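Residue numbers (the working numbering): 5 to 218. The C-beta atom is built at its ideal place from N, Cα and C for all residues, glycine as well. Note that the structure is a prediction, hence the values are computed from the model and not measured.
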Amino acid sequence: GLALDVKNRILFACCREPDGATELQALISSRKGLTIHGVRIAEAASVTALIKQVRAAPIDILINNAGTCGPPPHRQSLSNMDFDGWAETFAVNTMAPLRMVQAFRENLKAGTNPRVVTITSQMGALAWKTPGMYAYCSSKSAVNKVMQMAAIELAKDGIAVCLIHPGWVRTDGGGANADLSVAASAYGIMAVIEKTTVATTGRFMKWDGEEHPW
């Protein structure tokens, strides 16, 4: 069974446009302890504003889930690269997760069994050889390395770090033909988070609990 208690936790849910997040807003009436906060994680001022809202609240689990696929596939190839779009992809997928760790490091240190979880992709694994999607794949490879490095330092604070490949999920990004339902992926991710400790920090995991080659 899954022991990770999410029902009784205070949840700070973040998204770019809270007023437009209708499904998330619908949960407020039934989910005690849920608050929704607007933030654009690639913008320093926006993250600073979020810090002021969260204040000194202890954080047990910080999940870096925001991400972008980057420019259209035909504009992130060997022969045709949108370099500005590539930089924006790095800002969101690679730099922002570290920005969030820096912003909430003290909150995590005050948490119970604190963990930093970054949703990555097998497309960023050097062991996964595939052409195309240069911006997206390189940004995920980079965040894998960033979090591997951060795990070493955060262990001194008692904070564990885990990278998780969520699988190919039927979302707006994954498409209707993807392998997994949102519920199946989320349940698997929670199970991986539950088992994450400082003793196992810095691992690259799949949603199903298997370790992913780097």
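Considering only C-alpha positions, which residue in the set GLU27, ALA107, TRP211 and GLY89 is nearest to SER142? It is GLY89.
Where LYS210 falls: helix, strand or coil (DSSP): strand
So who's on the other strand from MET85, going by DSSP bridges? GLN80
Return yes when the Cβ of ALA46 is within less than 8 Å of the Cβ of MET99, no when it is not. yes
Specify the secondary structure class of ALA61 as computed by DSSP and reduced to three states. Coil, per DSSP.
Within 10 Å of its beta-carbon, does PHE227 have 16 or more other beta-carbons around it, so buried, or fewer, so exposed? In the structure as shown, the chain begins at 5 and stops at 218. Residue 227 is therefore absent and cannot be evaluated.
Whether CYS73 touches GLY177 by CB criterion (8 Å): yes
Could you tell me whether the segment 152-166 touches the segment 131-141, using the rule of 3 or more Cβ pairs below 8 Å? no
Looking at the strands, I want to know which residues DSSP matches up with ARG119. ILE65 and ALA164
Inter-residue spacing [alpha-carbon to alpha-carbon] between LYS160 and PRO118: 12 Å
Apply the 10 Å Cβ neighbour rule to ALA60 and answer buried if 16 or more other Cβ atoms are within range, or exposed otherwise. That one is exposed.
Alpha carbon to alpha carbon, how far is THR201 from ILE163? 8 Å
I'd like to confirm the pairing. Which residues does DSSP put opposite GLU215 in its beta bridges? MET209
Measuring CB to CB, does VAL51 end up less than 8 Å from VAL58? Against a cut-off of 8 Å, the Cβ pair of VAL58 and VAL51 comes out as no contact.
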